[in-house]
Each structure stands twice: as structure tokens, then as C-alpha cells.
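Chains as they are written, first to last, in this note's numbering: chain A, 316 to 643; chain F, 571 to 722; chain L, 9 to 652.
What follows is the structure, given as C-alpha cells:
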């Protein structure tokens with residue numbers, strides 16, 4: 316497998332439910348710690364009781380038989396008390412769970428961007444919805460959001476069930492064909508948060524990641540404006556040759572590069588490919604070497620995915636890479 | 571990409587020829603026994619917009635693919651070459667645009683539309699609107715190589 | 009026939025000629041048929057129960073090998089040991105084997121072996137159905153593995169969600185093989201359930217009223233009722249999916265009015281009770297083992313039974329907790345949270361009763377008790393992580409991660425496999441007549457227990473760190489490599505422990521010291537007969553007057569007389585108080601169950617290739633059923649012809 320990550324990815328906050336950077340993940344994390352301490356206390360109590368039970372010395376008894384009535388009465392009281400404490404504890408946890416659930420479901424805000432996330436085997440199609448069609452942004456595998464604002468995500472799928480999950484921000488929600496699920500997320504700190512598909516979806520479920528990048532409102536607006544632009548025109552002869560290869564070869568049948576002849580919509584939109592930090596659904600950093608390897612033989616990086624290997628002469632590949640790297 | 575597509579050997583469309591008999595047409599393709607490949611072909615047929623002209627086998631702008639009439643021959647090699655080379659009256663050439671492997675998968679799927687593939691291999695329904703009984707349930711319509719003729 | 013009272017369990021004094029004559033006739037009437045024909049035609053519950061257990065243990069070993077393959081693949085990031093297609097087949101087959109081909113059959117098989125012995129009767133209520141259910145189970149398991157070894161193993165997960173497992177995204181026969189295997193195991197389990205309920209309700213020894221039934225038998229009753237109510241849901245789903253895949257129906261096709269979530273509801277309506285079907289017999293085993301090893305009757309009989317029943321009922325109201333991430337309405341989800349949390353109450357009560365039993369007892373730290381203690385430790389952790397998972401917000405983070413994998417292995421291995429291993433060790437002398445080695449037993453316990461903790465505890469952390477399940481690999485930057493490597497090391501230790509356990513069984517079977525009737529000084533009826541029990545189980549047939557009959561023997565305990573010994577007969581008793589009711593004839597060895605299972609097998613296996621299988625398969629099915637139910641003279645059962 317070629318997929319050695321040569322550079323450390325620059326994502327913060329990791330992938331952990333316990334390093335929350337969004338309001339919902341934070342509430343879930345508090346619930347986790349509450350349950351963890353309560354359950355640990357229960358566990359320790361039960362283990363101590365068991366430990367005492369198995370180590371205490373009893374008088375040697377005669378033949379095996381029933382527990383003597385006195386002990387039985389005491390035990391009945393103890394077991395009943397323990398059962399009552401159990402019920403109370405569970406009730407407390409139930410209340411904590413329901414109230415956390417209501418809190419995380421109540422996030423919403425008017426006026427922010429609304430993002431359609433469509434799951435495919437094995438990548439994420441992202442579309443920033445807008446009433447004016449010319450202000451719709453389409454990208455793939457990388458979502459930018461302004462920090463501190465609640466963002467609505469409309470989740471659906473074109474093929475099988477996937478699950479949108481960015482642990483640092485929120486729990487997961489399934490993308491089910493034929494259904495549309497809505498969730499709201501909010502990042503409270505700027506950063507790069509990685510997510511991964513959370514429902515088994517076939518051969519490359521393991522490599523279906525995505526990045527959510529939270530940035531201050533002005534930088535988000537700048538990013539959005541740059542994404543609205545059409546694709547960069549090729550400047551050098553090599554880039555021009557590269558674009559010609561993209562348009563006349565197999566690339567154009569599956570990918571779109573707005574402003575060029577490439578108009579397919581089976582694979583990710585490549586109009587601003589070079590502005591993204593990763594390729595192959597957040598499996599590889601977006602470097603020239605990785606991109607070249609991916610184009611020549613995607614099957615050795617993500618075996619079973621839908622992109623076929625493309626054989627081409629090495630100077631053609633370099634020209635194509637020159638062009639693709641210019642697509643900021 | 572452009573010039574490096576190897577031109578395949580020309581393939582006969584009819585059985586009549588002068589001189590002694592030529593070897594029989596190869597009638598099966600590499601994915602004819604591979605249900606995974608045929609399933610991919612089914613998806614590619616949809617995704618590369620074959621449905622735009624041929625609809626789901628019933629034909630429209632292009633001729634139907636579910637019947638036993640093949641203008642340019644119905645063997646696997648014929649179908650593959652039709653897709654690679656394009657044909658007069660509107661069939662585009664995909665030879666330089668699609669990898670050969672994918673074209674063979676689509677070929678296998680197209681053959682399943684007229685019931686040529688064995689039942690365990692032929693695909694069943696997709697998760698879409700249901701235009702016709704699935705390919706697995708299609709009756710086999712044997713392509714007749716000497717009936718290659720123009721659409722009538 | 010002698011009418012003198014004989015204390016159950018004592019071999020009749022040799023001077024009792026009439027009794028010896030009776031015993032000889034019983035031996036001939038109930039003898040196991042010989043040869044290959046005899047093996048196939050067997051209807052005795054002990055033999056068939058042993059077959060269930062041995063077959064299930066073989067599947068357990070296969071599933072374990074699959075698990076080790078997965079752990080090797082996951083030990084380091086971007087490993088190349090298994091490609092994604094093979095990994096998907098391996099994890100699907102692992103889960104399917106463990107859940108359908110090991111866990112449920114081994115518990116039901118233990119019930120098949122033990123329930124007639126524990127209630128004091130000669131055989132199950134429907135011996136031929138018992139044989140049929142075993143063959144159908146075997147055919148299902150062989151079919152699945154034939155597929156697996158032919159690169160047609162199912163690869164969509166053990167719960168096979170649509171649309172991934174549907175016609176568009178799982179081409180070929182892989183998922184069809186899975187569906188039919190499920191059908192076979194459902195038929196088998198439902199048949200055993202019917203058998204166990206009837207036997208436990210209608211064939212108990214006189215005097216064994218409801219409040220004297222051994223806890224293990226109660227557990228099997230509750231389990232069997234759960235099987236009957238839960239399995240039809242998955243049997244239905246496992247037929248709807250092949251119909252979608254093969255015959256163009258649209259149950260799960262959203263474009264034509266179906267729904268992908270329908271599958272999840274149908275599957276989990278079965279899937280959640282399924283885990284209690286596995287767990288409840290294990291609690292029965294724990295209650296049974298505690299008595300001889302603490303030399304006390306288990307504390308809280310009524311509370312334990314009511315907890316079993318409550319778990320059985322509540323277990324049907326939990327299934328949506330597997331679907332919290334699908335976007336169902338919040339109010340509905342809260343209901344299922346409440347139910348999922350509530351089911352901890354009966355389990356907790358059981359736990360407290362067991363600890364109370366330990367508290368008051370004089371403990372003998374032999375291998376079965378060690379497994380019970382390991383169970384208490386491990387199942388507590390699993391149950392507590394289950395309460396965590398019941399909370400929707402937390403579940404949304406850890407659903408479909410290794411946290412869930414850790415949880416269910418804690419409750420299934422800790423909660424079911426540990427008691428099972430303890431139970432197999434405990435009943436080994438009864439089943440084989442020889443004592444298992446205590447040294448190997450303790451060694452296997454420690455290897456299994458410690459190996460298990462090392463394997464699965466780190467997976468809780470991995471899940472919280474974001475590692476999803478069912479991934480064939482992961483990126484090195486995630487940092488999950490170290491804990492995965494630790495988990496893999498633990499898995500091999502666990503595997504070694506399981507191997508030592510099996511070696512113990514095999515070696516002791518051949519050369520262990522002879523066990524007597526009752527080597528552990530236990531309290532239930534199966535210990536009142538020689539080890540291994542004769543084919544007719546008991547002579548004379550016992551009655552009971554106490555919940556722990558072997559600890560309350562009296563000289564005056566009556567025995568049953570009057571059953572014929574020239575044909576197979578047992579006594580049917582009343583439901584509530586087990587007062588004798590009538591005699592029931594029992595069938596002898598016959599090939600019909602085997603033929604019927606072949607007919608069933610042909611119908612369902614060939615059915616995935618052509619619909620003609622149904623009318624064609626109906627022919628052997630009809631012929632075998634006719635043979636099975638053909639009326640014969642003298643109620644159809646062989647009378648022992650005696651030379652005068």
C-alpha cells in the first residue's frame with residue numbers, strides 16, 4: 316500500500332470524543348464524565364462487596380443447605396436496599412441523559428449557511444445551499460464553517476447508509492437514502508477537526524474521512540468568496556497541456572472543474588482541489604506526490620473505490636499535476 | 571491519453587465472407603461470469619448516461635438494447651467495439667475516455683439486458699425507480715449475427 | 009415390579025433381582041441405535057445435546073480464528089494482512105458465527121442436554137423434532153462456511169444493513185447465503201424452544217411444583233419464550249431480503265415505496281432479545297454453579313426468577329437503542345433510553361442475590377467458581393457501559409465505534425462465555441463420566457480472564473478516541489496503533505486460554521479420573537443418576553419434595569413405578585404442581601428427521617439460485633413428513649420383544 320502519510324496532518328482536536336470543541340460535544344463530554352464517575356463508583360462498591368464476600372471467614376458449616384433464616388432476613392433487607400439505590404441512581408442518570416439530549420437538540424440559529432451533505436461510497440459531497448444558484452458552492456470532503464455560529468447540515472445519501480461524525484463537534488447522524496436528516500453543529504474554537512464515516516458502507520468505509528475547518532467569520536467569508544470563483548485559468552504551457560488532458564481524458568467523465576469542459580458529477584468536484592488539505596476523503600495529505608500516486612493508481616491506496624487506475628506517460632502526469640495544483 | 575488507445579482488430583459483423591471459414595466470433599467478455607463486474611457495469615451504465623439515449627434498455631434516441639436486434643453485432647466483442655469506436659448516427663466514441671476495463675463491465679451489463687448472462691450473475695434491481703423486470707429475470711434473446719441491419 | 013421406596017441416586021442393591029431385570033429391559037428399550045444408521049437416526053436428548061455443544065464449540069473455534077485474523081490486521085495502521093474485501097468477509101463471518109452458530113446453539117444445546125435430567129424425565133417432549141433441529145442447524149452452519157471458503161462469504165456485517173446488503177450494492181450470492189443461514193438457525197432455535205417449554209412444563213418429576221423448578225430450567229423456559237417471540241422477526245426479514253435481491257420486490261427500496269429503516273427495525277426487534285437469549289441461560293448456569301461451590305442454596309430464588317422474567321419482557325422494548333443515530337424522533341428515543349436503563353434493575357438484583365450467596369457461603373475455589381467470579385467482574389463492567397450506551401447523547405458519540413465492540417464483548421464473553429466455560433467444566437463429569445483437570449482448568453481461566461481484559465479494555469478507550477468499527481485499517485496519525493497492538497496481544501492470550509480449555513476437555517475425556525454420580529455434591533436432579541447417565545436417564549424415576557432435592561434426601565422419598573419398560577414411555581405431569589397425569593409414548597430412532605432436514609436444506613439452499621427450488625424441495629419435505637407422521641400399530645412404537 317502506497318498510502319504512507321509523509322507529513323503530519325495539521326488537524327487539531329484529534330478525533331476524540333473527549334476533546335470537544337463544539338457546544339454539543341462539550342455537553343456530551345460532561346455527560347460522559349458524570350456517567351463514568353457514577354458507574355465507576357458503583358463498580359467499586361460491588362467489587363468491594365464481592366471481595367469481602369469471598370474473603371470473609373465463615374464458620375465451617377455442616378452439610379450444604381439453605382442460608383440460615385437470620386442471615387436471610389438481613390440479606391433480604393440489604394438486597395432490597397441495594398436495589399432501591401440502583402433504581403435511584405439509574406433514574407438520576409436517565410434524567411441527565413434526557414436533559415443532555417434536549418440541550419444538544421435545541422441548537423439552531425437563523426441566517427447561517429445551510430450545508431447539504433450527501434454521502435457516496437466513499438466520499439462526502441458538500442453543497443453550501445443558497446437561494447441564488449450562482450452563490451451555491453460545491454466541494455468535497457472538507458467543510459468550512461464560521462466559528463461560534465450554528466450551522467445546519469442536511470444529510471442524505473445517494474447509495475448506502477453512511478454516518479456523519481466529527482467527534483470534536485457532535486455525535487453522529489446517519490445519512491440514509493430516501494431520508495433527509497438535519498443536524499445543527501457549532502464549533503466554539505477555531506481549528507481543524509477530523510471526522511469519519513460512522514456506519515459500515517462497504518469496502519472503503521475505513522477511508523471515508525472528512526475535515527471540518529472552523530475559522531473566524533472574515534476568513535470564512537474570504538474562503539467562501541474564493542470558492543465561488545470559477546476554476547483558475549491555466550497559465551503555463553504545462554498547465555494548459557494538463558487541462559487539455561483532463562478535459563479529453565477519463566477525468567472529465569466523472570469530475571467537474573467549473574469553467575472547463577470537465578462536467579462529470581460522479582466524483583468529487585475538483586474546481587478548487589488545491590485549496591483542500593487532503594485528498595481521497597481525508598486519507599492522504601494533499602501533496603503533489605500523493606496526488607500523482609492517487610491519479611496513477613487509486614486502487615492501491617483505496618482498493619475497491621470507484622476511481623479506476625489511469626495509465627499515462629509520466630510527462631503527461633506531470634502536466635496534469637501542474638494544472639491541478641493551480642486549482643486553488 | 572489520446573493516441574495511445576490501441577486499435578482493436580476489426581471484427582466481423584456478419585457470417586458471410588469469401589474464401590474459407592474464419593474462426594468463430596468470441597461471444598463472451600471477461601466479466602460475463604463476474605457478478606461484481608456486471609453490477610459495476612449496471613452502475614456505470616447509469617452514471618455515464620447511457621440511459622440518456624438508450625433509456626433503461628428500451629431505447630429512445632438510441633436503439634433498444636433489450637431485444638435481439640443488433641445493428642452492429644451482439645457478441646461481447648462487437649458491443650465492446652461499438653462503445654470504444656462510436657458508431658454513425660449518434661453513438662459517441664468512448665475509447666479514449668473510459669478505461670477498457672470499465673467498457674468491458676458495461677458490455678457485460680448490456681448483454682444482461684437481453685438475458686445473455688447466466689442467472690446467478692445477472693444483476694437484479696437497483697435501488698431506483700423500477701423500469702422493467704430485473705436483468706436476472708429477462709428472457710434470453712439470442713442475438714443473431716447475420717441479422718445485423720439498419721434500424722427499421 | 010418392586011414398590012419399595014428407593015432413594016434416588018443409589019444404585020439398587022444387587023439382590024434386587026426384579027429391579028435388575030427392570031433395568032435390563034429399560035436398557036434394551038432405550039438403547040442407542042448402532043452404526044452409522046444409528047448415529048443419524050438418534051433421537052436421544054443426551055446425544056443430540058452433546059452434538060449441539062461440540063458443533064457449537066467447533067464454530068466457536070472457527071469464529072475465534074477469524075477474530076485473531078482481524079486482530080492481526082488491526083495490530084498496526086495500514087497493515088496489509090487482509091485486503092478490505094477479505095476483511096469484510098472475515099468480520100461478518102466472525103459475528104455471524106459467534107451469534108448465530110455458537111452462542112445461541114450452545115445455550116440451547118446445554119438446555120437440550122440438561123433440562124430433561126434436571127426435571128427428572130427420560131427424554132424431551134419431541135425427540136424427533138430435536139434431531140431435526142440439530143440437522144437444520146448443522147446444514148445452516150455448513151452452508152455459511154461453504155460460502156466463506158468459496159469466496160462467497162457474506163460481507164455486509166452480521167446485521168447486514170440494507171441498502172448495502174441489497175441487490176444494488178451486494179451483488180452475487182454472498183448475502184443470500186447469509187440470509188438462508190439465518191433462516192436455518194431460526195427454524196432450529198424455534199424448534200428447540202418449543203421442545204424445552206413443553207418438557208419443562210409437562211414432564212417434571214411429581215412434586216416439582218413451579219417454585220421448585222431449578223433456576224437453570226427457569227432460565228431455559230424464559231429463553232425459549234423469548235426465542236419464540238423474537239425469531240419470527242428476523243426470519244421474516246431474512247426472507248424479505250432475498251425476495252428483494254432475487255425476485256424484484258421493493259421492501260427496502262426507497263424509490264418504490266420501501267424503506268431502508270424497515271430492515272433495522274425488523275432485525276433489531278430480534279437482535280436485542282437475541283442477546284438476552286444468550287445471556288439468560290448463562291445467568292441460570294451461574295445460579296446453578298453457586299450452590300455446590302458455596303454449599304448454600306442460592307439466595308433469593310423468587311427474586312432471581314422474577315428478574316429473569318422481567319428481563320425477558322423488558323428485553324423486547326429496547327431495540328431502538330441500536331438505531332439512535334438514524335434520526336428518529338426524540339420522544340421515542342427517550343422511551344427506549346428509559347427501557348434500556350431500566351433493564352439494569354433486574355440484572356442488578358440478580359447480581360446482588362449472587363453476591364449475597366457468596367457472602368453466606370463456604371467457598372470452594374474450583375474452576376467453575378472462578379469463572380463465576382470472572383463473570384461478576386466482567387459482566388459488571390459490560391453492564392455499566394451498557395447503561396452509558398443507553399444514554400442517547402453519549403451513544404451518538406460512541407455508536408459504531410470500538411466502545412460498543414468492547415461493551416458487547418464484555419457482556420457476551422463476560423456475561424455468557426465465562427459462565428458457559430464454568431458450566432462446561434462443571435457438567436463435564438456428568439456428561440463424560442470423568443473429572444476434568446483442575447490445574448488445566450485454573451490455567452485456562454487465568455489465561456482467558458486476563459487475556460480478555462487486555463484485549464477488550466483498551467477498546468473502550470479506542471472508541472472514545474474516535475476509532476469506528478468495521479474498519480479494515482486506520483491512519484497512522486490517529487495514534488490508535490499502540491492500543492490496537494495491545495489488544496492484539498491480549499487476543500492471542502485469550503486464544504491460548506481457550507485452547508488450553510479445549511485441551512483439558514479432550515485429555516480429560518480420555519484419561520481423566522472417573523467421576524462418580526455426584527463429584528461436586530450438588531443439589532439438582534441430574535446428579536442423582538450415574539455419570540454419564542444411562543439412555544433412560546433415571547431408574548427409578550424420581551419425585552421431589554424440595555427445591556434442592558439432593559440436599560434433602562429422605563428415606564421415604566417416593567419413586568415412580570408403573571411405567572412400562574418394554575416400550576419408550578415417560579410420565580406427563582400437571583403444569584403448576586407436577587402431579588402425575590398420564591403416560592406418554594416416546595419415539596425411538598428414525599431417519600425421518602434427517603430426511604426432512606435434507607428436504608428443508610434443498611429448498612432453501614437451491615432457492616437462492618432458482619425459484620423452482622420451492623416446488624422441487626416440497627417433494628422430499630412432503631415425503632419425510634408423511635414418513636414421520638405415518639401411524640403405526642400400538643401407537644407406532646417399538647415394543648421390546650423378550651425371549652422368555
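We put the beta carbon where it would ideally sit given N, CA and C, even for glycine.
What three-state label does DSSP hand residue i in the structure shown?
| i | result |
| --- | --- |
| residue 608(F) | helix |
| residue 163(L) | coil |
| residue 138(L) | helix |
| residue 689(F) | coil |
| residue 624(F) | helix |
| residue 479(A) | strand |
| residue 322(A) | In this prediction, residue 322(A) has a pLDDT of 27, which is less than 50 and means its spatial position is unreliable; what the coordinates show is noted afterwards. Three-state result, residue 322(A): coil. |
| residue 440(A) | strand |
| residue 174(L) | coil |
| residue 678(F) | helix |
| residue 89(L) | coil |
| residue 404(A) | helix |
| residue 583(L) | coil |
| residue 312(L) | helix |
| residue 654(L) | Any property of residue 654(L) remains undetermined from this structure, which presents chain L solely from 9 to 652. |
| residue 202(L) | helix |
| residue 589(L) | strand |
| residue 601(F) | coil |
| residue 4(L) | Outside the shown range of chain L (9 to 652) lies residue 4(L), about which nothing can therefore be said. |
Exposed or buried, which one is residue i when buried takes at least 16 other CB atoms within 10 Å?
| i | result |
| --- | --- |
| residue 430(A) | buried |
| residue 628(A) | exposed |
| residue 366(A) | exposed |
| residue 622(L) | exposed |
| residue 421(A) | exposed |
| residue 23(L) | In this predicted model, residue 23(L) has a pLDDT of only 49, less than 50, meaning its place in the structure is not dependable; the value taken from the coordinates is given anyway. Residue 23(L) comes out exposed. |
| residue 579(L) | buried |
| residue 386(L) | buried |
| residue 576(A) | exposed |
| residue 617(A) | buried |
| residue 643(A) | exposed |
For residue i and chain D, any beta-carbon pair shorter than 8 angstroms?
| i | result |
| --- | --- |
| residue 342(A) | In the displayed structure, chain D is absent; the protein chains listed are A, F and L. |
Can you tell me the Cβ-Cβ gap for residue i and residue j, rounded? I've got them flagged as a contact below 8 angstroms.
| i | j | result |
| --- | --- | --- |
| residue 573(L) | residue 74(L) | No, residue 573(L) and residue 74(L) are not in contact; Cβ-Cβ is about 49 angstroms, not under 8 angstroms. |
| residue 655(L) | residue 439(L) | What the structure shows of chain L is the stretch from 9 to 652, and residue 655(L) is not part of that stretch, so it cannot be assessed. |
| residue 136(L) | residue 611(L) | Contact flag wrong, Cβ pair sits at about 19 angstroms. |
| residue 654(F) | residue 673(F) | 6 angstroms |
| residue 423(A) | residue 395(A) | Going by Cβ atoms, the distance from residue 423(A) to residue 395(A) rounds to 46 angstroms, so no, they are not a contact pair. |
| residue 499(L) | residue 79(L) | 4 angstroms |
| residue 224(L) | residue 292(L) | 4 angstroms |
| residue 260(L) | residue 376(L) | Wrong, their Cβ atoms sit about 46 angstroms apart, outside the cutoff. |
For residue i, which of the options has the nearest alpha-carbon?
| i | options | result |
| --- | --- | --- |
| residue 468(L) | 494(L), 455(L), 452(L) and 587(L) | 494(L) |
| residue 708(F) | 690(F), 684(F) and 697(F) | 684(F) |
| residue 615(L) | 251(L), 87(L) and 64(L) | 251(L) |
| residue 409(A) | 239(L), 268(L), 352(L) and 293(L) | 352(L) |
| residue 540(A) | 451(A), 418(A) and 360(A) | 451(A) |
| residue 267(L) | 371(A), 491(A) and 603(A) | 491(A) |
| residue 371(A) | 368(L), 640(L) and 44(L) | 368(L) |
| residue 609(L) | 185(L), 288(L) and 45(L) | 185(L) |
| residue 32(L) | 81(L), 227(L) and 548(L) | 548(L) |
Is the segment 208-228 of chain L in contact with the segment 570-590 of chain L, if contact means three or more CB pairs nearer than 8 angstroms? yes
Using 8 angstroms as the cut-off, can you tell me whether the segment 523-536 of chain L makes contact with the segment 471-486 of chain L, which would need three or more C-beta pairs spanning the two stretches below that distance? no
Is it the case that the segment 480-487 of chain A contacts the segment 441-451 of chain A, given that we only count it when at least three CB pairs across the two stretches are under 8 angstroms? no
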